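Going line by line, the protein sequences match chains A and B. The number in this note's numbering is simply the position in the first sequence, starting from 1, with 55 added. The number in this note's numbering is simply the position in the second sequence, starting from 1, with 365 added. The block underneath contains the structure these notes are about, expressed in structure tokens.
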Amino acid sequence: MAEPQPQPPAHWSGTEPRQIVAPDGSVVGPVPADLDVAALRQLYRWMVVARRLDRECIALQRQGELTVYPGHEGQEGAQVGSAWALGPNDFVWPTFRELPVALIRGVDPVQYLQYHRGTWHGGPYDPRATGFGPICIPIATQIAHAAGYALGRQLDGTEDVTIAYFGDGATSEGDFHEAANLAGVRRLPLVLFCQNNGWAISVPTASQTAGEIWRRADGYGFRGVRVDGNDVLAVFAVTREAVDRARAGEGPTLIEALTYRIGAHSTADDARRYRADPDVEAARAFDPIPRFRTWLAGAGHADDTFIADCDREAERFALTVREGVVATPPPPAEWGFDWVFADPPTTFERMRAEALG
Amino acid sequence: MTEWTLSRALNQALRDALAEDERVLVFGEDVGVSGGVFRVTDGLQAAHGDRRVFDTPISESVIVGAAVGLAFAGWRPVVELQFDAFSYPAFEQVVDHVAKMRMRTRGRVDMPITIRIPSFGGIKGKEHHGESPEVYYAHTAGLKVVVPSSALDGYALLRHAIADPDPVVVLEPKARYWAKEAGELDADAPGIGSGRVLRDGDDVTLVAYGSMVARVAAAAEQLADVGVEARVVDLRSLSPLDDELLRRSAEETGRVVVVHEAPRHAGFGAEVAARTMELAFDSLAAPIARVTGWDTPYPPASLEDGYLPSVDRIVAVAKETVAY
């Protein structure tokens, strides 16, 4: 008797998402022609590296080396696939859960994690050099920044594309609506990338919105797509399409990537208070990493040595990041004053002297 | 000598800033073809094109949020939020991002954003069209907040605000948009952080900003008729505050009355009083007095006159302070 097929998470119901590699590793759609074998292997490698680093970060938090940390386990496919579709001059406006995207953009993870270490707000990395904006906690506000940035690049006549990351919960915020609406009106070169991971802290997507998120695009007058967010190839394909269209002046795209937040909202959250462990275990059957590994190996693009090498590299990488994080000292007190103003008023300088002695 | 209204002078400030710096953008609701509900952006789109002067959807939060993104992209946005109470949808963007972004990027990205907000009452406006939001912004670290009181002052402050590398909230007193002032516009007039003495006097200092400056000046005239020489201080800049001027005025007059439209409780007058006391307590001959709006929501037009500090109220409190 065949094993019963695991049921996908409830919030994946409705319109069938775009898919290239099915959860069992079989191919159900065309593999993007613009991904060569080296790129395919990189997608796998980054997912493994990001997953391992996520676990290290949770350990670092438990050990008191990070303050609160929001994990991304389960969302590596959505993040790696979409980030891989961007060009070097494109710009990412993240939430607080896009560490895998940050890695691909070349953000130094030790600098990134200073945010969660409580040594700096926003992020001490250079947003312009990395094309990765400051970590953003106020929900959906970064989508407005993304719209403005996209407008700025459009006004400058560039072909640069802007992508905003946000979650299912963010689509309930006014800023999502205001930014999407502006993007439609001005046909901005903007990709609105929603990771629908089923949960906004404790509130399930069904309590967040009654419709399918990708369909909202229709109301704003642009294209919406629903994709299997745990299928890294499908995510890459739909994001690349959206990026290409934006670059060609064909306006914004709203992508709803169906994924699942395997971990708690953050290390400060106990997810067992609001969701059942069996549901989480069922969602693991849709994990982006084993699925892609099965396909990659079956297609002859990865052997046991490559897979073991990725694991070893992920291990080394996580430990190197750990060393960097642990070695990061608290900032000097004057940093609390140094960058508030480009042109600091006299009264402000007087208070700095009072505070710092 | 040219005669300017505040609205026209602000328009000229925007016009000149657009002409001098090609990275300046002007956008908001009805600022394009219409020219703004108070005519402040009149003709700017015709002069500078709809690429740099444009209308947005009615979306205050994304107007300000987009300004943040535009600043990242190297632009210098000047946005209009149409009325005081309509600036509140953008409050999260102003406080969480505009005010903090430079620090969050360790100074890598400046926020040269100007947020213009037609503010305050006195025009028999509808509900939500007469509010005094200055303390919300003045209390937010990372912002600069200015309030012009006259046409020439408005030109100078707006030019300084646009040129400033930091975010500046410009609260434009609606009641003074059509008040005229003769003189030459001067972008180099004293800027953000500088108050000014509009009338000198030794008996008492009357401190005000925005639309209350004219009332305080009228009160000073009446006081002069009864032999009280009042000094009139126009703060112009609430953040940073010209506390040196407050100190000097307190030392020289010994008595201070602060006037604003906003409710008294936790109003800006409290900051003026506290700061003056910290700097010049020994010089004070009387308690610092406040003449303010009442601690009520801004009333309907027919009750407006009883809400706003009148010349009579200012004169009465000033006399009490002098007689203390």
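We treat Cβ as the ideally placed atom computed from N, Cα and C, and that holds for glycine. Values in this document were obtained by computation on a predicted structure and should not be read as measured data.
For the pair Ala-589/B and Leu-644/B, the Cα-to-Cα distance works out to about 28 Å. Arg-371/A counts as exposed, since fewer than 16 other beta carbons sit within 10 angstroms of its beta carbon.
A distance below 6 Å between beta-carbons, with the five flanking residues on each side excluded, links Val-83/A to the following residues of its chain, in chain order: Gln-74, Ala-77. In chain order, Ala-654 place their CB closer than 8 Å to the CB of Glu-685/B, counting only its own chain and leaving out the 5 sequence neighbours on each side.
For Trp-350/A, the CB contacts under 7 Å within the same chain, skipping 5 residues up- and downstream, are Val-76, Gly-80, Val-82 in chain order. Where Cys-365/A is concerned, the enclosing alpha helix (DSSP H) starts and stops at 359-381. Restricted to the segment 173-227 of chain A, the alpha helix (DSSP H) segments that are unbroken, complete and at least 4 residues in length are 182-185, 196-210, listed in chain order. When C-alpha distances from Ile-317/A are compared across Trp-390/A, Trp-139/A, Ala-303/A, Ile-344/A, the shortest belongs to Ile-344/A.
At a cut-off of 8 Å between beta-carbon atoms, Leu-611/B makes no contact with chain A. Counting only the Cα atoms, Asp-381/B lies some 14 Å from Ser-372/B.
Just so you know, the alpha carbons of Val-147/A and Lys-545/B end up roughly 48 Å apart. At a Cβ-Cβ threshold of 8 Å, Leu-98/A and Gly-129/A do not count as neighbours. With distances taken between CA atoms, Val-622/B lies nearest to Ala-585/B out of Ala-585/B, Leu-508/B, Thr-470/B. Between Gln-116/A and the set Trp-390/A, Arg-377/A, Gly-412/A, the nearest pair of CA atoms involves Arg-377/A. Only those residues of the segment 429-447 of chain B whose C-beta falls short of 9 Å from the nearest C-beta of chain A are listed: Val-429, Gly-430, Ala-431, Ala-432, Val-433, Gly-434, Leu-435, Ala-436, Phe-437, Ala-438, Gly-439, Trp-440, Pro-442.
Looking only at Ala-138/A, Gly-161/A, Cys-112/A, the smallest Cα-Cα distance to Arg-172/A is reached by Cys-112/A.
Spatial neighbours of Ala-105/A in its own chain (CB-CB distance under 8 Å, excluding positions within 5 residues in sequence) are listed in chain order as His-127, Glu-131, Gln-134, Val-135, Leu-154, Pro-155, Leu-158. Remark: C-beta atoms of Asp-342/A and Asn-285/A approach each other more closely than 8 Å. The beta-carbon separation of Arg-580/B and Val-676/B, rounded to 5 Å, stays under the 8 Å limit for a contact.
By the neighbour-count criterion, in which a residue is buried when 16 or more other Cβ atoms sit within 10 angstroms of its Cβ, Phe-646/B is exposed.
DSSP places Val-162/A outside any beta strand (DSSP E), giving it a letter other than H or E. In terms of CA proximity to Thr-70/A, Val-280/A leads the group Val-280/A, Pro-400/A, Leu-309/A. In this structure, the straight-line span from the alpha carbon of Phe-392/B to that of Pro-454/B is close to 16 Å. The DSSP assignment places 621-628, 654-658 as complete runs of the beta strand (DSSP E) inside the segment 609-659 of chain B, in order along the chain (cut-off: 3 residues). By the Cβ rule, the segment 564-576 of chain B does not count as touching the segment 403-412 of chain B, because fewer than three pairs are nearer than 8 Å. Interface criterion not met: the Cβ of Pro-345/A is under 8 Å from no Cβ in chain B. Taken through DSSP and simplified to helix, strand or coil, Arg-469/B comes out as helix.
For Phe-403/A, at least one C-beta of chain B is nearer than 8 Å to its own C-beta. In this structure, Asp-518/B lies near Arg-601/B, with their beta-carbon atoms less than 8 Å apart. Around the beta-carbon of Glu-404/A, fewer than 16 other beta-carbon atoms lie within 10 Å, marking it exposed.
Contact between Leu-523/B and Val-535/B holds: their C-beta atoms lie close to 6 Å from each other, under 8 Å.
Chain A has a Cβ within less than 8 Å of the Cβ of Arg-473/B. For Thr-370/B, the enclosing beta strand (DSSP E) covers residues 368-370. In this structure the segment 184-204 of chain A lies against the segment 422-438 of chain B, because at least three pairs of beta carbons, one per stretch, are closer than 8 Å.
Within chain A, the C-beta atoms nearer than 7 Å to that of Asp-529/B come from Asp-398, in chain order. Between the segment 498-513 of chain B and the segment 449-465 of chain B there are three or more inter-stretch CB-CB distances shorter than 8 Å, so the stretches are counted as touching.
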